[in-house]
Every structure is written in C-alpha cells, then in structure tokens.
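Heads up, the thing below is written out as structure tokens.
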Amino acid sequence: MQPRGARTAGAALLALVACGAREPAAVVHTAGGGRAEVAVEVAATPEAQARGLMYRRVLADGQGMLFVFPAEAPHQFWMKNTFIPLDMIFIAADGRIVGIHPNATPLSTAPLGVERPSRYVLEVPGGWAARRGVAPGDRVELRGIALNSP
C-alpha cells in the first residue's frame, strides 16, 4: 500500500501535467486581424488519411481534421463516402494558406485540390472559411501537434 501523501502528490502531479497538455488545434490568423481556432483530429498515417472524415454525418463548427504529410507536394482529395460539405484549406510548411477549396460536394468522386503544393490540409465544415474571412495568404498556427509525423 502506498502512503497517502505519495498518492496525493502523484494525483497533483498528474493534474498539473494534464493542464499543461494541449488538445490539437489549428489557429488561423487572418490578414484582417481575425483569429479562428479549430480543434482538430490529426490524420498523419496513410490509413487515417484514407479514411479522413468518411461516413461522418456531423462535423461541429470549430471542429476539423488536419492531414499532416511528410513534405510539401500537390495533394488531391475526394468526397467519396463523405456526407457533409467541407472546406479544404491547403497549408504550406511555413503555415501560409496556399489555397482553399470551399464547400466540397458530399459524395463526389471528382479530384479536389489547389495549384500550389502544401504540407497540411485542414478540413472544416463547409462555409467555415468564408464566414471567418479566411483566405489564401493567411497564416495557420498548429498547436499540440507532432509535426514530425509521417
């Protein structure tokens, strides 16, 4: 049996560590001085990226999925088996938005992308970027995300 003082100290340390841990988030800083934060699920493996947001019926405002790729390259997506419209925000390695594909049509198998290479793609509910004035050239700060992911 562990002494009570040690259990209390251990619980306090665990609480302190938990408070310092950040949930994964993408914070968009617009050219006009706006700021919008999105809590993200991170898709860093080929399996997670292949599934993406397929089969979801709801994606709440302020929620999204961040695709993390090993290097900048042209990335294309489709909406097969995705039931909700999405904005796809393409982000360079330096955090600059290089393009946006707004309101992707649910269930479409057409390839979607932008002309510029990106390292990250942030998927958010359709119309999210326009409602917040997010545009190419704006900056994205990634928090609580291991950027050395595959």
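Take the sequence shown: its letters are residues 2 to 151, numbered as in my numbering.
Each residue gets a CB set at the ideal place from its N, CA and C atoms; glycine is no exception.
Being a predicted model, the structure only gives us computed values, none of them experimental.
- Where E38 is concerned, the enclosing beta strand (DSSP E) starts and stops at 36-44.
- When Cβ pairs closer than 8 Å are counted between the two stretches, the region 104-112 is seen not to touch the region 132-148, the count staying below three.
- Annotation: A147 to A111 spans about 31 Å, alpha carbon to alpha carbon.
- Taking 8 Å as the cut-off, the beta carbon of I98 is found no closer than this to the beta carbon of M89.
- The criterion of a C-beta distance shorter than 8 Å is not satisfied by Y121 and L60.
- Each of G96, A32, G35, F91 was checked against the Cα of E124, and the nearest Cα belongs to F91.
- DSSP places E48 in the uninterrupted alpha helix (DSSP H) bounded by 47-52.
- P47 is classed as exposed because its beta carbon has fewer than 16 other beta carbons within 10 Å across all chains shown.
- For R117, the closest alpha carbon among the candidates Y56, F78, E73, G127 is that of E73.
- Rounded to whole angstroms, the Cβ separation of V41 and V141 is 11 Å, and the two are not in contact under 8 Å.
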